[in-house]
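Structure first, then comments.
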């Protein structure tokens, strides 16, 4: 793995996990010391992360971590709904036994993680992995590599909000109920119901995160 790829992977992980605080201006000297990687690979990695929607660039000030804002959150939701509902329709139309088995397997792992996850960081990381994998499994048979890539990047952006705003505040029964209903509708070929449930899940998630952001903005202005 070359240094740019390594730097991009490490930075992406730490941005999503919140180890690098939102809206923080980044200093290459500090990043060099932290990651033991040179300035050029770090600069190239940050430029790549601008394209992933995790970092912003200013000609005057350099690179900054993207702030957590309601407008950005709503944009992520709109794009996820647009991409994932279209991809889900295609997956239901094109998916066979292997796709259905993948959805069932992903649902089982998500249920298990939801019921057993500890509320420490390691446990929540494992739950987040299974949650994101379930959403990938739903659209895995869509036949569009670009749609899958777009969904993966948007899910990473959403995960950043989830880690920052939800913490261990999860309604376990509701999570299982919503995702089970999505999986059953998809497997049974009920396209409209599956799409409706997926869209509702994404929108209700955004509403919850937005309410937390609003509460934060009363304490720390500028999060809107």
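In full-length UniProt numbering, the protein residues as written are 1 to 224.
Beta carbons: idealized from backbone N, C-alpha and C, even for Gly.
Just tell me which of 123, 137, 171, 169 has its CA closest to the CA of residue 155.
Nearest C-alpha to residue 155: 137.
Reducing DSSP to helix, strand and coil, say where residue 48 ends up.
Correct three-state label for residue 48: helix.
Do residue 144 and residue 90 come within 8 angstroms of each other at the CB atom, strictly closer than that value?
Against a cut-off of 8 angstroms, the Cβ pair of residue 144 and residue 90 comes out as a contact.
Within 10 Å of its beta-carbon, does residue 82 have 16 or more other beta-carbons around it, so buried, or fewer, so exposed?
So residue 82 counts as exposed.
I'd like the ranges of any alpha helix (DSSP H) spanning at least 4 consecutive residues and lying wholly in the stretch 66-90.
Taking only runs of at least 4 residues, no alpha helix (DSSP H) segment lies wholly in the stretch 66-90.
Between residue 104 and residue 2, what straight-line distance do the alpha-carbon atoms span, to the nearest angstrom?
If I take the Cα positions, the gap works out to 37 angstroms.
Thinking just about the alpha-carbon of each residue, which of 112, 164, 191 is nearest to the one in residue 93?
Measuring from the Cα of residue 93, the nearest candidate turns out to be 191.
Tell me the rounded alpha-carbon separation between residue 19 and residue 157.
Approximately 15 angstroms, taken between the alpha carbons.
With a CB to CB cut of under 6 angstroms and the five nearest residues on each side skipped, what residues in its chain are close to residue 153?
52, listed in sequence order.
If distances are taken between C-alpha atoms only, which option among 56, 180, 43, 75 comes closest to residue 111?
For residue 111, the nearest C-alpha among the options comes from 180.
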